[in-house]
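Participant:
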Amino acid sequence: MTDLTPDTTGLELDAQQTEARSWFEDLRSRICAEFEAIEREAGSNASFDYLAWNREDEGGAPGGGGVRGVMKGKVFEKVGVNVSTVGGSFNPEFAKSINGADEDPSFLATGISLVAHMANPHVPAVHMNTRFLTTTKRWFGGGADLNPPIPYQEDTDSFHARLRAACSPYGPDVYERYAKWADDYFYIPHRGVHRGVGGIFYDHLECDSDAQFERNFHFTRDVGEAFLDAYPAIVRRRMNADFTEADTATQLAWRGRYAEFNLIYDRGTLFGLKTGGNIDAILMSLPPLARWD
Numbered sequence: 072m073t074d075l076t077p078d079t080t081g082l083e084l085d086a087q088q089t090e091a092r093s094w095f096e097d098l099r100s101r102i103c104a105e106f107e108a109i110e111r112e113a114g115s116n117a118s119f120d121y122l123a124w125n126r127e128d129e130g131g132a133p134g135g136g137g138v139r140g141v142m143k144g145k146v147f148e149k150v151g152v153n154v155s156t157v158g159g160s161f162n163p164e165f166a167k168s169i170n171g172a173d174e175d176p177s178f179l180a181t182g183i184s185l186v187a188h189m190a191n192p193h194v195p196a197v198h199m200n201t202r203f204l205t206t207t208k209r210w211f212g213g214g215a216d217l218n219p220p221i222p223y224q225e226d227t228d229s230f231h232a233r234l235r236a237a238c239s240p241y242g243p244d245v246y247e248r249y250a251k252w253a254d255d256y257f258y259i260p261h262r263g264v265h266r267g268v269g270g271i272f273y274d275h276l277e278c279d280s281d282a283q284f285e286r287n288f289h290f291t292r293d294v295g296e297a298f299l300d301a302y303p304a305i306v307r308r309r310m311n312a313d314f315t316e317a318d319t320a321t322q323l324a325w326r327g328r329y330a331e332f333n334l335i336y337d338r339g340t341l342f343g344l345k346t347g348g349n350i351d352a353i354l355m356s357l358p359p360l361a362r363w364d
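Residues in the sequence shown are numbered from 72 upward in steps of one, following this note's numbering.
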């Protein structure tokens with residue numbers, strides 16, 4: 072059985088990094104268990120296949136690694152849930168684009184990333200990612216967004232309501248700011264369309280003190296819990312709906328747009344490729360089938 076804890080050989084994690092890493096890995100395990108439970112409810116015995124991977128830093132030294140989890144089932148046509156903890160030094164050119172790394176390229180990043188593409192076109196695809204990154208600065212970032220080929224207002228409203236509830240303890244305008252950030256980020260300029268119905272996106276929640284770390288880590292945990300609460304409920308609501316060939320054609324065309332965004336604009340894809348991550352884990356976000364007419 073694959074060890075579900077990424078190998079951190081070559082890395083020295085401090086208390087904050089260790090705490091964040093443990094949370095991301097625990098969230099991964101709970102999400103995967105919930106998704107497998109949905110497959111059982113549908114009469115499927117599909118389960119996650121895990122692949123551990125390691126990376127070398129720019130100079131060839133060990134630089135941590137991750138665990139890619141992928142399941143292909145009756146409800147989840149393809150879902151990937153990855154965790155990783157990597158570190159070392161950024162490429163000098165790439166370092167210029169990273170907060171706090173322009174003068175010192177050293178970094179450590181730990182996080183979880185998830186993308187689900189669904190068999191039934193009436194069930195929305197989804198993305199979720201949260202991370203803790205350390206350079207000369209340290210900060211949390213992440214978010215979640217819903218991507219339905221065939222939108223239902225009920226699903227959009229319930230997803231956003233749960234994210235709004237997660238944001239509300241942190242300020243009256245937090246949800247609105249992060250929802251707008253998601254709308255701005257998850258946009259396909261060359262198509263002139265958003266890739267889905269939004270969610271929230273945030274970055275650079277800096278941790279210059281222990282109090283800031285605790286507050287921003289607590290918020291990041293609340294985002295993860297909100298996702299785990301909201302999305303499975305939407306899947307169960309739609310997974311047994313009847314669908315037509317025309318619905319599938321709509322889904323496959325929509326998936327083409329999703330692939331375009333992830334390959335051209337997505338920061339996480341670029342970060343993984345620029346830091347020597349596992350290619351299969353980085354590109355697990357791509358749909359199993361798509362079409363361009």
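C-beta atoms are modelled at their ideal positions from N, C-alpha and C, and glycine is treated no differently.
Note that the structure is predicted; figures quoted are calculated from it, not measured.
#1: Are there 16 or more other CB atoms within 10 angstroms of the CB of M72, so buried, or fewer, so exposed?
#2: Using a 10 Å radius around the Cβ and a threshold of 16 neighbouring Cβ atoms, would you call W210 buried or exposed?
#3: Compare the Cα-Cα distances from D364 to each of A320, L82 and A253 and report the closest residue.
#4: According to the neighbour-count rule (16 or more other Cβ atoms, all chains shown, within 10 Å of its Cβ), is L276 buried or exposed?
#5: Would you call the stretch 212 to 232 and the stretch 268 to 284 in contact, with 3 or more CB pairs under 8 Å?
#6: When burial is assigned at 16 or more other CB atoms within 10 Å of the CB, is A166 buried or exposed?
#7: Given a threshold of 16 other Cβ atoms within 10 Å of its Cβ, counted over all protein chains shown, does A180 qualify as buried or as exposed?
#8: For Q224, count neighbouring Cβ atoms within 10 angstroms of its own Cβ and tell me buried if that reaches 16, exposed if not.
#9: Do the CB positions of R326 and P220 come within less than 9 Å of each other?
#10: Between the Cα of G134 and the Cα atoms of I183, L84 and S118, which residue gives the shortest distance?
#11: Run through the stretch 210 to 250 for me and flag every whole alpha helix (DSSP H) of 4 or more residues, listed as ranges in chain order.
#12: Among the residues of its own chain, which have a CB less than 6 Å from the CB of E96, if the five just before and after it don't count?
#13: Could you compute how far the alpha carbon of L234 sits from the alpha carbon of H289?
Facilitator: This is what the structure holds:
#1: Note that M72 has pLDDT 46, beneath the 50 cutoff, so the model's placement of it is unreliable and the number below is only indicative. Its Cβ having fewer than 16 others within 10 Å, M72 is exposed.
#2: buried
#3: A320
#4: By the beta-carbon neighbour count (other beta carbons within 10 angstroms, threshold 16), L276 is buried.
#5: yes
#6: buried
#7: The Cβ neighbour count for A180, taken over all protein chains shown within 10 Å, is at least 16; the residue is labelled buried.
#8: Counting Cβ neighbours within 10 Å, Q224 comes out exposed, since fewer than 16 surround it.
#9: Yes, Cβ-Cβ distance for R326 and P220 is below 9 Å.
#10: L84
#11: 224 to 238
#12: Within its own chain, the residues whose Cβ lies closer than 6 Å to the Cβ of E96, once the five positions on either side in sequence are excluded, are V154, listed in chain order.
#13: Between the alpha carbons of L234 and H289 lies a gap of roughly 14 Å.
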